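Notes follow once the structure below has been shown.
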Amino acid sequence: MKTQELTAVETIKQNIQLVKGEFTPSEAFDVINALIDEKINFHKIQRLQIWERNHVSKTDHLDDRITELQQEKERARDFILKAKSNGNNLKINGVLEITTAD
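Per my numbering, the sequence shown runs over residues 629 to 730.
Given below as structure tokens:
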């Protein structure tokens, strides 16, 4: 019986088309805010769970990520307001790329 060795690690990758299309500025604002707010809430829940387990745990990494997301939300708002003032609709192409971690 021959034994075959695996010489390469198979990378598993999945793409999920989360958002795709043309939106009015109002619709784009709602879609983007909903997505970012959901991610912010996810990190807030993680932070609370860590705190419940140990009241002196550091959550700086979560605090930093929440701040980053809030800043991204502001950047998106500014961009959308400019598009709105110019009378433009917006195209959004939001793909989630999922791969296996090493």
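Here a beta-carbon is modelled for each residue, glycine too, at the ideal position from N, C-alpha and C. Nothing here was measured: the structure is a model prediction, and the numbers come from that model.
For residue 723: DSSP bridge partner residues: The count along the sequence shown starts at 1 and reaches residue 723 at position 95. DSSP, once it has assigned bridges, lists 645 as partnering residue 723.
Local Cβ density within 10 Å of residue 718, reported as buried at 16 or more and exposed below that: Position 90 of the sequence shown, counted from the start, is the residue given in the question as residue 718. Residue 718 should be labelled buried.
N-terminal and C-terminal residue of the alpha helix (DSSP H) that residue 669 is part of: Your numbering for residue 669 matches position 41 in the sequence shown. Element bounds for residue 669: 653 to 681.
Own chain residues within Cβ distance below 8 Å of residue 635, not counting five before or after: If you number the sequence shown from 1, residue 635 lands on position 7. The predicted model places residue 635 with a pLDDT of 49, which falls under 50 and marks its position as unreliable; any figure quoted below should be read in that light. Here the set comprises nothing.
Residue 730: first and last residue of the uninterrupted alpha helix (DSSP H) it sits in: Translated into the one-based positions of the sequence shown, residue 730 becomes position 102. Note, residue 730: premise wrong, no alpha helix (DSSP H); not H, not E.
From 642, 677, 703, 670, residue whose alpha carbon lies closest to that of residue 660: Here the question's residue 660 lines up with position 32 in the sequence shown. The shortest C-alpha separation from residue 660 is found at 703.
Cβ shell of residue 641 (< 6 Å), same chain only, five flanking positions each side left out: Here residue 641 refers to the residue found at position 13 of the sequence shown. Within the same chain, residue 641 has close Cβ partners 727.
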